[in-house]
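Taken in sequence, the protein lines are chains A and B.
Yeah, the first sequence ends on 685 if you go by this note's numbering, and it's all consecutive.
Yeah, the second sequence ends on 685 if you go by this note's numbering, and it's all consecutive.
Read through the structure below, which is laid out as structure tokens, and then see the notes.
There are 2 protein chains.
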Amino acid sequence: MPRCSNLVVAQSGGPTPVINSSLRGIIDGARDFGQIGTVYGARHGIEGVLKEELIDLSAQSAEEVALLRYTPVAGSIGTCRYKLKSGQKQDFERVIEVFRAHRVGYFLYIGGNDSMDTAHRVAEVAHARGLDLVAIGVPKTIDNDVGDSAFKLIDHTPGYGSVAKYWTHEVQYANEENKGSCPADPVLVLQAMGRKIGYIPAAARLADPERRMPLQIYLAERPCPLAQLADQVNDELRRSGRCLVVVSEGLDVGDVGQVKDVFGHTSFGSSQTTVAQIVVNYLNQVGLAAKGAARGNVSGTFQRGSMAYASSVDLDEAYKVGQKAVELAAGGESGYMATILRMPGPIYSVRYDKVPLVEVANSERTFPAGWIAPGGMDVTDDFVRYARPLIGEDMLSLPMRDGRQRLAQLAAIYADKKLPEYVPEADRKRG
Amino acid sequence: MPRCSNLVVAQSGGPTPVINSSLRGIIDGARDFGQIGTVYGARHGIEGVLKEELIDLSAQSAEEVALLRYTPVAGSIGTCRYKLKSGQKQDFERVIEVFRAHRVGYFLYIGGNDSMDTAHRVAEVAHARGLDLVAIGVPKTIDNDVGDSAFKLIDHTPGYGSVAKYWTHEVQYANEENKGSCPADPVLVLQAMGRKIGYIPAAARLADPERRMPLQIYLAERPCPLAQLADQVNDELRRSGRCLVVVSEGLDVGDVGQVKDVFGHTSFGSSQTTVAQIVVNYLNQVGLAAKGAARGNVSGTFQRGSMAYASSVDLDEAYKVGQKAVELAAGGESGYMATILRMPGPIYSVRYDKVPLVEVANSERTFPAGWIAPGGMDVTDDFVRYARPLIGEDMLSLPMRDGRQRLAQLAAIYADKKLPEYVPEADRKRG
Chain A
255 MPRCSNLVVA QSGGPTPVIN SSLRGIIDGA RDFGQIGTVY GARHGIEGVL KEELIDLSAQ
315 SAEEVALLRY TPVAGSIGTC RYKLKSGQKQ DFERVIEVFR AHRVGYFLYI GGNDSMDTAH
375 RVAEVAHARG LDLVAIGVPK TIDNDVGDSA FKLIDHTPGY GSVAKYWTHE VQYANEENKG
435 SCPADPVLVL QAMGRKIGYI PAAARLADPE RRMPLQIYLA ERPCPLAQLA DQVNDELRRS
495 GRCLVVVSEG LDVGDVGQVK DVFGHTSFGS SQTTVAQIVV NYLNQVGLAA KGAARGNVSG
555 TFQRGSMAYA SSVDLDEAYK VGQKAVELAA GGESGYMATI LRMPGPIYSV RYDKVPLVEV
615 ANSERTFPAG WIAPGGMDVT DDFVRYARPL IGEDMLSLPM RDGRQRLAQL AAIYADKKLP
675 EYVPEADRKR G
Chain B
255 MPRCSNLVVA QSGGPTPVIN SSLRGIIDGA RDFGQIGTVY GARHGIEGVL KEELIDLSAQ
315 SAEEVALLRY TPVAGSIGTC RYKLKSGQKQ DFERVIEVFR AHRVGYFLYI GGNDSMDTAH
375 RVAEVAHARG LDLVAIGVPK TIDNDVGDSA FKLIDHTPGY GSVAKYWTHE VQYANEENKG
435 SCPADPVLVL QAMGRKIGYI PAAARLADPE RRMPLQIYLA ERPCPLAQLA DQVNDELRRS
495 GRCLVVVSEG LDVGDVGQVK DVFGHTSFGS SQTTVAQIVV NYLNQVGLAA KGAARGNVSG
555 TFQRGSMAYA SSVDLDEAYK VGQKAVELAA GGESGYMATI LRMPGPIYSV RYDKVPLVEV
615 ANSERTFPAG WIAPGGMDVT DDFVRYARPL IGEDMLSLPM RDGRQRLAQL AAIYADKKLP
675 EYVPEADRKR G
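Printed below as a string of structure tokens:
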């Protein structure tokens, strides 16, 4: 790589409460390495690279960079769902052209499995074109589905711990709500994110590891016919007069009117109806074994944006995995993802390491079948032992000003454009 | 009234983040008055009175009573939606009978307009039967619809400030989400509670009093045809590439499959579909003036249960209005509601006073038409000046234990039953 070259960081996919902590870890970390020049943030992920929209992150005030810790989701430099498909040769060439024009020797991609694949392919094309580019992946997803099911490539992804903590509180409060209002609303259905992967709905159990609440958890991995679900809810109503039902947004309950994104993933937030709604309507139609009606909550993006419930453990880890990625980049270790591995022993601690991008890109993490309790409406204590340390112990102290949270406000300082305008291939096709 | 008689407090209707603060104010306040004996909490509101389920609140530990401050919604003693209709003569007689059996001389009813009416009628029947009962109302509702539109009976109801603060944060985070994800999700629709009353959706403006966000607020009070709403959203998409849309759950967008509660109110949390869903589907069907899809969030009961976003001002006021109610009770001032009135002048401060229950019961508060901005998709600065002080300045510090919030856990200490079993009239009818 050139003696001193610049770094581009880009984000991809759905945001998390801690994605900006990884970004901050990268900005702070880069200051320690003389071989890294300016840190640029691609505006809206790879789309910003293609459009040559590069925010100068090295020129931002120290205060705003520090505030990234408490600024959730991806509003600061933006994310995208633009997929660099292997056929989009012009896009790949454009990325190389932009990197060359801005003397970029380091490319850090914050994202999930798809992004690790993209980072890997960008590096391949760069090397084929003679550009000395170090490509490093930075893991991120609330779904916790990056890596392998044996937890050897990565123990958990930054973002998951905070959403798990959100669900701990949501279920604690929902239980108070349901306990207080059950004469009128005996059933409260809560829909959790996570697509078809059960880590987020499973986190509801962290609110009640002693199993004192009338709580049922339905993961997409263990389909349950609506009639059986209703029977189980009514059994609980006969026992305790009320029931909390947590459902995965990807639970198979018939047609929800799916809308797919460009990755082919279902965008559950845009579906014509929701699993919670279908479950609530079904319960009210077949009738409850108690007076009153079922009602539902679909928190949507708030569960990944609600900063007061973010986990301090998750925030710290996201920051450090960003620093680790910079360290790998500075060491010229192209083709790796920075990772978090759990140390053995009873005291929770982690170490930061690297795994090859290709291994991550070709792996698929599912929710371990052994962590679903017999009966299919709960998770096991093994899951609780896995997830409990990730939510940390205490609440954050959010910076406030004039009654609102003081969020980071990056200045719109962009690298001068050096190339002709470019319309990303996939956008052209739709025009 | 008898020289020393007992007090029953009951809750009615939807819970709030601060309802337990009023309860705590009553428990603490009662200790100052020798004429008040034991404080009982009716389990699930008036249903608990009818069923003679009276929790001994005077016997609870000081620590658990203190924790009521940070314990949202109504799980501690419960609430209900059981309506004491004037025709239910047996129910009224039973209330008097239970009060007589437990030497109850004070009845404090925490609720909205309906509850003030009920409290008033219970007092009337008691007096007609020769029972010396002091009935006092304690205002509560997140909707802020208790009292009059001139704000002379009450400035605002406890509960509203906390939900307004929740919306301040929700919109701040939603704006970051939308700013970050707009290439894929350019429109984010957020549905707010408040039935047909606009105070809660209006609070979205507190997140952005300078009007820098691409934020549109649609109140039920100013109906907007879906086609016009879509045009306005698309105009914003052409301007800034993204749009945040806050809609009232009671906005008229056609049939949502209403489910009504016993008060005849629509239970929007049980509707077959939601306003947000209808708006999202409509926008995606007519097409957006930007790539990507609209998505929606319906936070549901979490907005009234999410303790981290509760307002310290609201919590303090809820506590004091509970204390005020006890003071009125101890003074024998039956037939009043304790109230909060704003003092004139630029510095926000309130005083605690009383207003006759009948005046509150017969009043109706609407959202002032003058606070809806011309164009019908925003609220005015006058509204912001009214609501801003209610959300306070800082975040709470929630008590945590083992990664979870330490919520109040009242002991199940009940008054001994002295009367035969009784099935409430409305429950009999359904049997």
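All C-beta atoms, glycine included, are put in the ideal place defined by N, C-alpha and C.
Could you tell me the boundaries of the alpha helix (DSSP H) in which residue i lies?
| i | result |
| --- | --- |
| residue 370 of chain A | 367 to 382 |
| residue 612 of chain B | 611 to 615 |
| residue 344 of chain A | 343 to 355 |
| residue 289 of chain B | Counting along the chain, residue 289 of chain B falls outside any alpha helix (DSSP H), and DSSP gives it neither H nor E. |
| residue 539 of chain A | 529 to 540 |
| residue 435 of chain A | 414 to 435 |
| residue 576 of chain B | 566 to 584 |
| residue 557 of chain A | 556 to 559 |
| residue 320 of chain B | 316 to 321 |
Among the options, which has the Cα closest to the Cα of residue i?
| i | options | result |
| --- | --- | --- |
| residue 581 of chain B | B:642, B:266 and B:281 | B:281 |
| residue 658 of chain A | B:423, B:447, B:611 and B:639 | B:423 |
| residue 626 of chain A | A:475, A:332 and A:409 | A:475 |
| residue 484 of chain B | B:443, B:458 and B:461 | B:443 |
| residue 681 of chain B | B:312, B:610, B:268 and B:337 | B:337 |
| residue 633 of chain B | B:416, B:459, B:600 and B:352 | B:459 |
The beta strand (DSSP E) spanning residue i covers which residue range?
| i | result |
| --- | --- |
| residue 480 of chain B | Premise fails: residue 480 of chain B lies in the alpha helix (DSSP H), 480 to 494, not in any beta strand (DSSP E). |
| residue 239 of chain B | Only positions 255 to 685 of chain B appear in the structure, and residue 239 of chain B is not among them; the question remains open. |
| residue 498 of chain A | 497 to 502 |
| residue 441 of chain A | 441 to 446 |
| residue 231 of chain B | This structure leaves residue 231 of chain B out entirely; chain B is present only between 255 and 685. |
By Cβ distance, which residues of its chain are closer than 8 Å to residue i, with the 5 residues on each side in sequence left out?
| i | result |
| --- | --- |
| residue 261 of chain B | 280, 284, 290, 291, 292, 293, 294, 358, 359, 360, 361, 362, 580 and 583 |
| residue 635 of chain B | 463 |
| residue 561 of chain B | 271, 324, 325, 326, 650, 652 and 659 |
| residue 493 of chain A | 468 |
Which whole-angstrom value describes the C-beta separation of residue i and residue j, a residue pair presumed to lie in contact below a C-beta threshold of 8 Å?
| i | j | result |
| --- | --- | --- |
| residue 270 of chain A | residue 412 of chain A | 7 Å |
| residue 664 of chain A | residue 330 of chain A | 5 Å |
| residue 392 of chain B | residue 455 of chain B | Going by Cβ atoms, the distance from residue 392 of chain B to residue 455 of chain B rounds to 26 Å, so no, they are not a contact pair. |
| residue 445 of chain B | residue 503 of chain B | 5 Å |
| residue 487 of chain B | residue 478 of chain B | The Cβ separation is near 11 Å, so there is no contact. |
| residue 540 of chain A | residue 550 of chain A | 15 Å between Cβ atoms; not a contact. |
| residue 400 of chain A | residue 408 of chain A | 6 Å |
| residue 318 of chain A | residue 662 of chain A | 5 Å |
| residue 621 of chain A | residue 473 of chain A | 6 Å |
| residue 594 of chain A | residue 604 of chain A | 5 Å |
Classify residue i as helix, strand or coil using the three-state DSSP reduction.
| i | result |
| --- | --- |
| residue 658 of chain A | strand |
| residue 276 of chain A | helix |
| residue 638 of chain A | helix |
| residue 452 of chain A | coil |
| residue 688 of chain B | Nothing can be reported for residue 688 of chain B: it is not among the residues displayed for chain B, which extend from 255 to 685. |
| residue 259 of chain A | strand |
| residue 335 of chain B | coil |
| residue 677 of chain A | coil |
| residue 400 of chain B | coil |
| residue 302 of chain A | helix |
| residue 476 of chain B | coil |
| residue 606 of chain B | strand |
| residue 469 of chain A | strand |
| residue 308 of chain A | strand |
| residue 295 of chain B | strand |
| residue 650 of chain B | coil |
| residue 626 of chain B | strand |
| residue 364 of chain A | strand |
Answer yes or no: the CB of residue i versus the heavy atoms of the ligand ATP, is any distance below 8 Å?
| i | result |
| --- | --- |
| residue 261 of chain B | Ligands are entirely absent from the displayed structure, and the ligand ATP is therefore not among its contents. |
Leaving out five residues on either side along the sequence, give the residues of the same chain with a beta carbon under 6 Å from the beta carbon of residue i.
| i | result |
| --- | --- |
| residue 263 of chain B | 280, 295 and 362 |
| residue 675 of chain A | none |
Residues in its own chain within less than 7 Å of residue i by CB, not counting five upstream and five downstream?
| i | result |
| --- | --- |
| residue 574 of chain A | 279 and 606 |
| residue 566 of chain A | 646, 648 and 650 |
| residue 531 of chain A | 550 |
| residue 602 of chain A | 643 |
Taking residue i as the query, report the chain C residues whose CB atoms sit under 7 Å from its CB, ordered along the chain.
| i | result |
| --- | --- |
| residue 328 of chain A | The question asks about chain C, but that chain is absent: this structure's protein chains are A and B. |
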